[in-house]
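Numbering (the numbering used here), first residue to last: 220 to 930. Even glycine gets a Cβ: it sits at the ideal position worked out from N, Cα and C. Remember, predicted model here, so these are calculated numbers, not experimental data. Inspection log for the structure reproduced underneath, given as C-alpha cells.
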Amino acid sequence: MTVELVGVVLVAASAILLGLVTLLTNMHRRPNRIFAILSGLACCFVVVNYLVDHTDSHALLLARATFFIGCFMAWSMFAFMANFPRRFWPGRAEWVALILATITALFTLTPYFIPGIVVEAGKNTVQEGPLYGVFIIYAAIIFIATGAAIVTALDKTRALERRRVRLVAVALGASAVLLMATNVLIPLVVGSDASASWGPLSLVLFISVSTYAIIRQRLFDVRLLVTRSIVYLLLLITLTVIFVGSAFAASHFLFNDQSGGLNQTLVYAALSIILAFAFQPLRRGFEHLTNRIFYHDQYSSRMVLDSISRILVSELHLDRLMSRSLDTLCREMRLEFGQLIIFNEDRVYRIEHFGPLPKRLMVVPELRRLGTGQVVADELSGGERKGLLDDHGIRMSLGLKTSGEFVGYLLLGDKLSGDSYNKEELELIAIIGKQLAVGVANAMSYAEIEAFNRTLQDRVDHATSRLRVANRHLKELDKTKDEFISMASHQLRTPLTTIKGYLSMMTEGDAGKLTATQREFAGYAYDASERMVNLISDLLNVSRLEAGRFMIQTKPTDITAMVADEVRQLQQHADTKGLEMKFIPPPEIFPPIEIDENKTRQVIMNFIDNAIYYTRTGGSVTISLKRVGENARLEVTDTGIGVPTIAKKKLFSKFFRAENAQGMRPDGTGLGLYLARRVIADQNGTIIFKSTEGEGSTFGFELPFTAISNK
C-alpha cells in the first residue's frame with residue numbers, strides 16, 4: 220500500500236467521521252445537516268480523485284465524476300455559510316445555487332466537458348472541452364456568493380459567533396482555493412494533471428481546522444456524543460478486563476487450566492452476575508468522570524429549579540419577580556440575553572430584559588405567530604417562525620400558560636458557550652416556564668388586589684375627609700345652635716317670669732276681684748307660662764351640659780320627704796285624668812343622702828309627670844322607694860302605652876321621642892329623659908328602665924348614700 224493511498228484512506232475516513240459526529244450531534248439543525256453533506260462529498264471526492272489516476276478502464280467516467288462531485292461540494296459550501304451560525308440569506312438563494320450546481324453537474328457528464336483522457340508520464344490527464352469554462356464560471360459565482368454570505372454572517376453575529384464564522388471561512392476558503400488551484404487552474408496553465416494528486420491536501424486542511432473548531436471553539440456541541448462514546452468504551456474495556464482476568468485467574472489457579480466442568484460453569488455464571496450488578500455503578504462513575512472533564516462549566520438543573528422556586532414563593536411583586544427570575548435563569552444557564560413578555564387581556568402588560576437588547580423587539584402579531592408551545596430555532600428547518608427567531612436573534616421561545624389563561628412569552632438568546640440547547644436544557648426550561656406562569660399569574664392577581672385596595676383606600680380617605688369637614692361644620696352649627704338656645708332662653712326667661720308673677724298676683728286678687736271665668740282663664744295662662752318656664756329651664760340645662768358648665772351641688776337631703784312632696788304636688792293631675800296613683804315609702808327611715816336636691820327633684824317630677832301623661836284613664840301609677848344595699852332605689856311604674864322596642868336604644872338621646880309618645884303628647888321636647896340620665900350619672904347613680912309596648916313602663920334610678928365629688 221502506497222503512502223498516497225494511506226493518505227487518501229485517512230482523509231476519507233476523517234471526513235466521514237467528522238460528518239457523522241456533526242450529524243449525530245443535532246440532526247434537526249440545518250447547519251449540521253449541510254456540514255455532514257459537505258463532509259460526505261469531500262470523502263467521495265478524495266476517493267474518486269485517487270481512482271482517476273489508478274484506474275484505466277473507467278478513468279474518463281471517474282474524471283467527469285470528480286467535477287460532478289465538485290459542483291455539489293461548492294454548493295454545500297455556500298449553503299453552509301448561508302446558514303451558519305443561523306440563516307441570514309433567504310432560502311431561495313440556496314435553491315438558485317442548487318439549480319446552477321445541478322445544471323453545471325449535468326454538463327460535466329457530457330463529452331463537451333471532458334472529451335477524453337491522455338496518458339502522459341504514467342498519469343491520466345483530462346482534455347478540456349468547450350463546456351469546461353462553464354464549470355469555472357459556476358465556481359467563481361459560488362465563491363463570490365460564499366464570500367458575500369461570510370461578510371453577512373460577520374456583520375450580524377456577536378463576538379463568539381464571529382470568531383467561529385471567521386475560523387470556518389478560513390478553513391473553507393483555503394481548502395477551496397487550494398482545491399481549485401490543484402485540480403483546475405494549474406492543469407489549465409501547465410497542461411498537466413500532475414498537481415491533482417495534491418488535491419486531498421486541501422481537504423486535510425479543511426478537516427484539521429474543522430476539528431479544531433469543534434473541539435476548541437465548540438463549532439458543534441459534540442460533548443454529549445463524545446462523553447457517551449467514552450463512557451461506553453471505558454465500560455466495555457473495564458468489563459472485558461475484569462471478566463477475562465477473573466476467568467483466566469479462575470481457570471489457572473482453581474481448575475489447573477482444565478476446561479469444562481460444572482464448577483467452572485458456575486464460576487463464570489457468578490462472574491457474569493457480578494458484572495451485571497457492577498454495570499450501573501461503573502457507568503455512573505465513568506459518567507461523573509467524563510462530565511467533570513467535558514462539562515466542568517455545567518450548571519446543576521436542580522439548583523436552578525430550587526433558586527427559581529424560592530424566588531416565586533418569596534416574591535409577590537410582579538416587577539421584582541420577573542427581574543429576579545429572569546436574571547437567575549440567564550445567569551445560571553449562561554445565556555447571552557433573555558426576555559419576559561407578560562400579557563394582560565391580550566395586551567402587553569410588562570416586559571423584562573436580561574443582557575443586551577435584540578436589534579428589534581417583537582411586536583404582538585409576531586409573538587402570536589410563534590404559537591404558545593416551545594419553539595427552538597435550531598430544530599426548525601425553515602418557515603416563518605424560523606425567520607422570526609433568526610431576525611431577532613432568539614434561539615428559543617416558550618409560551619407561558621396556566622390551566623386557565625395565557626400569561627406571556629419567555630424568549631431566550633444564544634448560550635454564551637455558543638452551544639445549542641440540548642434535550643435536558645429544553646426540558647428544564649419547560650418546567651421553569653410552568654412555574655413562571657403560575658408565579659406571574661399569582662403576582663398579577665396580587666397586584667390587582669393591591670391596586671383595588673389602594674383605590675378603595677383612596678376613596679375611603681376621600682370620604683373620611685369629607686365626613687371630617689361635614690362633622691366639623693355640624694359641630695360649628697351645633698355650637699351656634701347651643702349658643703342661640705342659651706341666649707334665647709336667657710332673653711325669654713325674664714319676661715316669662717314677670718308674666719308668671721303678674722298672673723299669680725291676679726289669681727290671688729291683688730289686682731281686684733276676678734270673676735269665675737276670668738280666674739279660669741288666668742289659671743290657664745299661668746299653667747302655660749309655667750310650662751314655658753320649665754322648657755326654658757331644660758334648654759338652659761342642656762346648654763350648660765354642652766358647654767361643660769353643668770354643676771352638681773350636693774347637700775344632705777331627705778329623699779323620702781322629697782319624693783312624697785312631688786307625689787303630693789302631682790296628685791291632683793293624676794286625679795284629673797282618672798288614674799290611681801300611690802306612693803310606697805321605704806319600711807325604714809333613710810339616713811340623709813348626699814345629692815343635688817333641685818336637679819334630683821326635677822328628675823323625680825319628670826318620671827312621675829311622664830307616667831301620668833302616657834297612661835290612659837283608668838290606669839295606675841305606682842311610686843316606690845326602697846333601700847338596695849348602699850343605694851336608694853326609686854321606681855315609677857305605670858300601666859301606660861309603653862316604649863316600642865325599636866325606640867328603646869335612642870330613648871335617652873337628646874330631642875328623641877317615640878312615635879306613640881308623640882301621638883299622645885305633641886308638645887313634648889324630648890329633653891326630660893336626656894337630662895335625667897345626665898343628672899343621675901353625674902351623681903354616680905344608674906338609670907332604671909324597662910318597658911313593654913302596650914303594657915306599661917318602669918323608670919327610676921339608684922343613688923348611693925355616700926357623698927360624691929362635685930362635677
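Within a Cβ cutoff of 8 Å, which residues of the same chain sit near residue i, ignoring the five residues on either side of it in sequence?
i, result
"Phe287", "Ala324, Thr327, Leu328"
"Thr836", "Lys796, Gly797, Leu798"
"Ala368", "Phe297, Met300, Ala301, Phe307, Trp308"
"His515", "Note that His515 has pLDDT 45, beneath the 50 cutoff, so the model's placement of it is unreliable and the number below is only indicative. Nothing listed; no residue qualifies."
"Leu281", "Val267, Leu270, Val271, Thr274"
"Glu785", "Arg820, Ile823, Met824, Ile827"
"Phe920", "Val822, Arg852, Leu853, Ala895, Ile899, Gly904, Thr905, Ile906, Ile907"
"Ser748", "Leu715, Ile718, Lys719, Leu722"
Which class does residue i belong to by DSSP, given the choice of helix, strand or coil?
i, result
"Met541", "helix"
"Leu229", "helix"
"Tyr514", "Caution applies to Tyr514, whose pLDDT of 49 falls short of 50 and renders its modelled position unreliable; the value that the coordinates give is listed next. Three-state result, Tyr514: coil."
"Leu892", "helix"
"Asn850", "strand"
"Arg569", "strand"
"Pro863", "coil"
"Glu667", "helix"
"Ser839", "strand"
"Pro923", "strand"
"Lys620", "strand"
"Ile530", "helix"
"Ile434", "Only weak support is given to the placement of Ile434: the predicted model assigns it a pLDDT of 45, under 50, and the value that follows is read from those uncertain coordinates. In the structure shown, Ile434 sits in a helix (DSSP, three-state: H, G or I)."
"Leu444", "With a pLDDT of only 46 at Leu444, under the threshold of 50, the placement of this residue in the model should not be trusted; the figure read from the coordinates follows. Of the three classes helix, strand and coil, the one that applies to Leu444 here is helix, per DSSP."
"Gly590", "coil"
"Ile369", "helix"
"Gly348", "coil"
"Lys845", "strand"
"Phe439", "Residue placement at Phe439 is flagged as unreliable, the pLDDT there being 48, under the threshold of 50; the coordinate-derived value follows with that caveat. It is coil, neither helix nor strand."
"Glu727", "coil"
"Thr856", "strand"
"Leu554", "strand"
Ordered along the chain, which non-local residues of its own chain (more than five positions away) have a Cβ less than 6 Å from that of residue i?
i, result
"Ile235", "Cys262"
"Gln737", "none"
"Ala895", "Val822, Asn825"
"Asp633", "Glu555, Arg614"
"Ala388", "Ile369"
"Ile361", "Ala293, Phe297"
"Ala364", "Phe297"
"Gly937", "Outside the modelled stretch of the chain, which goes from 220 to 930, sits residue 937, for which no answer is possible."
Since residue i contacts residue j with CB under 8 Å, what's their CB separation in whole angstroms?
i, j, result
"Leu608", "Ala596", "4 Å"
"Arg820", "Met781", "6 Å"
"Ser916", "Val847", "At roughly 20 Å, the Cβ-Cβ gap does not stay under 8 Å, so Ser916 and Val847 are not in contact."
"Leu629", "Leu645", "Not confirmed; about 12 Å, so no contact."
"Ala793", "Val840", "6 Å"
"Ile336", "Leu279", "5 Å"
"Phe874", "Gly889", "4 Å"
"Ile561", "Gly627", "4 Å"
"Leu617", "Gln654", "Not confirmed; about 12 Å, so no contact."
Taking the beta strand (DSSP E) that residue i falls in, what are its first and last residues?
i, result
"Tyr331", "That residue, Tyr331, is in no beta strand (DSSP E); it is neither H nor E in DSSP."
"Met800", "799–803"
"Lys909", "905–911"
"Thr776", "774–776"
"Glu816", "No beta strand (DSSP E) contains Glu816, which is instead part of the alpha helix (DSSP H) from 816–832."
"Val595", "593–595"
"Ile561", "557–562"
"Gly612", "Looking at the DSSP string, Gly612 is not in any beta strand (DSSP E), and its letter there is neither H nor E."
"Phe874", "No beta strand (DSSP E) holds Phe874; DSSP gives it neither H nor E."
"Phe951", "Outside the displayed span of the chain (220 to 930) sits residue 951, for which this structure offers no information."
Spatial neighbours of residue i within its chain, please: CB distance less than 7 Å, with the 5 preceding and 5 following residues excluded, ordered by chain position.
i, result
"Ile650", "Leu524"
"Leu317", "Trp294"
"Glu603", "Arg588"
"Pro334", "Gln346, Gly348"
"Arg579", "His611"
"Thr621", "Ala656, Val657, Ala660"
If you follow the alpha helix (DSSP H) that residue i is part of, which residue opens it and which one closes it?
i, result
"Pro250", "249–271"
"Met246", "Run containing Met246: none; DSSP gives neither H nor E here."
"Thr285", "278–302"
* Asked: Any chance the segment 530–545 sits against the segment 556–565, with 3 or more Cβ pairs inside 8 Å?
  -> They touch, by the three-pair rule.
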